[in-house]
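Read through the structure below, which is laid out as structure tokens, and then see the notes.
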Amino acid sequence: MMPSTTTAAGPRRLDRVLDLVERAGNRLPHPLVLFAGLFLVTALLTTLLAATGAEVQVPGEEQPQPVRSFFSGEGLTWFTTTLGENYIGFPPLVNVLPIVLAVGIAEGSGLLSAAIRRLFGSAPRWLLPYVVALVGVNGNLMSDTSFVVIPPLAALVFAAAGRHPLAGMIGGFAAVGASFSTAMIPSPIDANFSGITASVMESLPASLGAAPVTVVSNYWINLASSLVLVVACGFLIDRVLEPRLERAGVPRTLAPEEDGAAAGSEANADGSISPLERRGLRWAAVSLVAVVVLIAALATVPGSPWQKEGGGLLPDSPFMGSIVFYLVVAFSVTGIVYGAIAGTVRSGADVAALMGQGLRSMTGFLVVAFALAQFLALFSWSGIGTYLAVHGAALLEHADLGGLPVVLGFVVLCALTNLLITSGTSMWGLMAVVFVPMLALSGLEPAFVQAAFRIGDSSTQIITPLSPYLIVLLGMVRRYEPGAGLGTLVARLLPFTLVFLTAWTAVLLVFWGLDLPVGPGNGIRLG
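For the sequence shown, our numbering begins at 1 and goes up steadily by one.
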């Protein structure tokens, strides 16, 4: 009996810790009130800093950037004239809403449920967490849209296999977010980061002999990190997240008010596929292939407007900027084709109704997004985000630790800053101008500094309330668990953050210790 008691002690201790985190987090006010409060606190802080003449010298800029006061004529007029623009122009809305409308068609018609049961019905149940982890870790190939698409699909995968759907949903979100800066295949993020690094390197003395940074300069360490994170994520979903959901008695089924909205997606959840569903899937697959072929043909034909100037699609072109459009077309067309055959879509009115059902699940996010958009807009307009990031970097630089300690300190600084600045491109733009030259003068390759940044940039973004996609996830989770709050999500996602940060840093240390190249032609140390 002693072994079983010992084995159970670990989960019980972990539950107590995470329950404490959950209770503390759920004592926070409603996210709408939380972000309104943060807006007011930030407004007061900007006014205080501006009154003291606070400013920050961004490396590469000619003039220092002052912190602008909200409670001033300039600040108040900015707010009153941009209130609607701040909301409607909120970047996540641009990605989330079109995809939600299209996914509503695919889900409500029954396509997603049938496709998941067809693809994974015979897969071993033990393998599913690792499949979800594999897809999620490479989700940045779809950019931010992966936060909206992967979690609900992962929930369907788990439900079809008789496992807890929230384990798939939350685990899928963790896989996407906590590893967002890495993937097994070069992605648009690699192009964004390498472009910033290359521009900063122009100011470096040629005598340093720094290797050029390209899209694949972090490929070897990205590949190794991705493999480690897939295993870690699958293990956490299987051995930590899902057992905790079961011990807490979290419902596996949709809340009563959601039953009708997802009737099509919940049909035949036992894993069987009817002949009519099989026929619908066949024609949906044909329509998907037709869409892919058409898009590829339009993008590759000589002179295509989707190519970048001078030709080509990578790394930055209208084609790569149209990912949201491709997903909307794919989900809409296949959902309509499947529904027409399965009998769930008979008219344009049915399509409109399914789109409305999809959008209805996002109403909570739309309300919270109003306050969140205003807060983030103030954070950007006032310059307080830049002020905090640059001064934090200066403190680390003045510590004069040197070598590996400063690299690890840099990772921690990025992880903490990521709680406030969730855009990786924006944060690297601030960090690169300080740390690439600083660490290059200490003998480290810019490509290695970029690789270290990726760790802190990703690991913590799934637990910050400032991430709009955490609010999106909360809306999805509440379809099953109406009483869930931000504390609930943070408690369930915290193990992923801690394990990913530790495991990913361990990969970095292995590359450091063995002096392995982080990418083709890019090492760790200069010279």
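The beta-carbon is built from N, C-alpha and C at its ideal position, and this holds for glycine as well.
Report task. Give me the Cα-Cα distance between Pro517 and Gly523, rounded to the nearest whole angstrom. Result -> One-based indexing of the sequence shown puts residue 517 at position 517. One-based indexing of the sequence shown puts residue 523 at position 523. If I take the Cα positions, the gap works out to 4 Å.
**Report entry** Cβ-Cβ separation, Ala114 to Leu227 (assumed contact under 8 Å), whole Å
**Finding:** Position 227 of the sequence shown holds residue 227. Position 114 of the sequence shown holds residue 114. That belief does not hold up - the Cβ atoms of Leu227 and Ala114 are roughly 32 Å apart, past 8 Å.
Requested in this report: Taking Ala132 and Gly172 to be in contact with their CB atoms under 8 Å, please state how far apart those CB atoms are, rounded to whole angstroms.
Outcome: On the sequence shown, position 132 is the one that residue 132 refers to. On the sequence shown, position 172 is the one that residue 172 refers to. Reading off the sequence, residue 132 comes out as Val, not Ala. 5 Å between Cβ atoms; contact.
Query - 8 Å contact criterion, which Leu229 and Ala503 should meet: CB distance rounded - result: Here the question's residue 229 lines up with position 229 in the sequence shown. Here the question's residue 503 lines up with position 503 in the sequence shown. Contact flag correct, Cβ pair sits at about 7 Å.
Report task. Starting from Asn95, follow its DSSP beta bridges and name the residues at the other end. Result -> In the sequence shown, residue 95 corresponds to position 95, counting from 1. Per DSSP, none; premise fails for Asn95.
Query - Supposed close pair Glu242, Ala167 - CB separation, criterion 8 Å - result: As a working note, residue 242 is residue 242 in the sequence shown. As a working note, residue 167 is residue 167 in the sequence shown. Indeed they touch by this definition, with Cβ atoms about 4 Å apart.
Report task. State buried or exposed for Phe325, treating a residue as buried only when at least 16 other CB atoms are found within 10 Å of its CB. Result -> If you number the sequence shown from 1, residue 325 lands on position 325. The residue in question, Phe325, is exposed, as its Cβ has fewer than 16 Cβ neighbours within 10 Å.
Report task. Starting from Glu202, follow the alpha helix (DSSP H) in both directions and report where the run begins and ends. Result -> For the purposes of this step, residue 202 is identified with residue 202 of the sequence shown, where counting begins at 1. Run containing Glu202: none; DSSP gives neither H nor E here.
Query raised in the report: What are the complete alpha helix (DSSP H) segments, minimum 4 residues, inside the segment 439-512?
Result: 446-459, 468-477
Query raised in the report: Per DSSP, which one or two residues make a beta bridge with Val56?
Result: Indexing the sequence shown from 1 puts residue 56 at position 56. Val56 pairs with Gln65.
Query raised in the report: Relative to the alpha-carbon of His391, which residue among Leu32, Leu44, Leu38, Gln57 has its alpha-carbon at the smallest distance?
Result: For the purposes of this step, residue 391 is taken as residue 391 along the sequence shown, with counting starting at 1. Closest by alpha carbon: Gln57.
Requested in this report: Tell me whether Phe35 is buried or exposed, calling it buried when 16 or more other Cβ atoms sit within 10 Å of its Cβ.
Outcome: The residue labelled residue 35 in the question sits at position 35 within the sequence shown. The residue in question, Phe35, is buried, as its Cβ has 16 or more Cβ neighbours within 10 Å.
Requested in this report: Please classify Gly429: does DSSP put it in a helix, a strand, or coil?
Outcome: Here residue 429 corresponds to residue number 429 of the sequence shown, with the count starting at 1. Gly429 falls in the helix class under three-state DSSP.
Query raised in the report: Applying the criterion that 16 or more other CB atoms from any shown protein chain within 10 Å of the CB defines a buried residue, is Phe71 buried or exposed?
Result: The residue you call residue 71 lines up with position 71 of the sequence shown. Phe71 comes out exposed.
Requested in this report: Quick one: grab the DSSP three-state call for Gly519.
Outcome: Your numbering for residue 519 matches position 519 in the sequence shown. In the structure shown, Gly519 sits in a strand (DSSP, three-state: E or B).
**Report entry** Beta-bridge pairing of Arg118 - partner residues as DSSP gives them
**Finding:** As a first step, residue 118 must be located in the sequence shown, where it is residue number 118. DSSP output for Arg118 lists no bridge partner at all.
Query raised in the report: Is Arg525 helix, strand or coil by DSSP?
Result: Against the sequence shown, residue 525 aligns to sequence position 525. Three-state result, Arg525: strand.
Query raised in the report: Do Leu466 and Thr422 have their C-beta atoms closer together than 8 Å?
Result: Along the sequence shown, read from residue 1 onward, the residue named residue 466 stands at position 466. Along the sequence shown, read from residue 1 onward, the residue named residue 422 stands at position 422. Against a cut-off of 8 Å, the Cβ pair of Thr422 and Leu466 comes out as a contact.
Requested in this report: Select from Pro186, Pro98, Ser109 the residue whose C-alpha is nearest the C-alpha of Ile341.
Outcome: As a first step, residue 341 is located in the sequence shown; it is residue number 341 there, counting from the start. Of Pro186, Pro98, Ser109, the residue nearest in Cα terms is Ser109.
Report task. For Phe39, collect the residues of the same chain with a Cβ closer than 8 Å to its Cβ; drop the 5 residues on either side in sequence, then sort them by chain order. Result -> Locating residue 39 in the sequence shown gives position 39, counting from the first residue. Contacts found: Ala371, Gln374, Phe375, Leu378.
Report task. Answer yes or no: do Asn95 and Asp144 have a C-beta to C-beta separation smaller than 8 Å? Result -> As a first step, residue 95 is located in the sequence shown; it is residue number 95 there, counting from the start. As a first step, residue 144 is located in the sequence shown; it is residue number 144 there, counting from the start. Their beta carbons are under 8 Å apart, which means Asn95 touches Asp144 by this criterion.
Query raised in the report: For Gly519, which option in Tyr219, Ser317, Leu32 has the closest C-alpha, if you only look at C-alpha atoms?
Result: To locate residue 519, count along the sequence shown from 1; it is residue 519. The shortest Cα separation from Gly519 among Tyr219, Ser317, Leu32 belongs to Tyr219.
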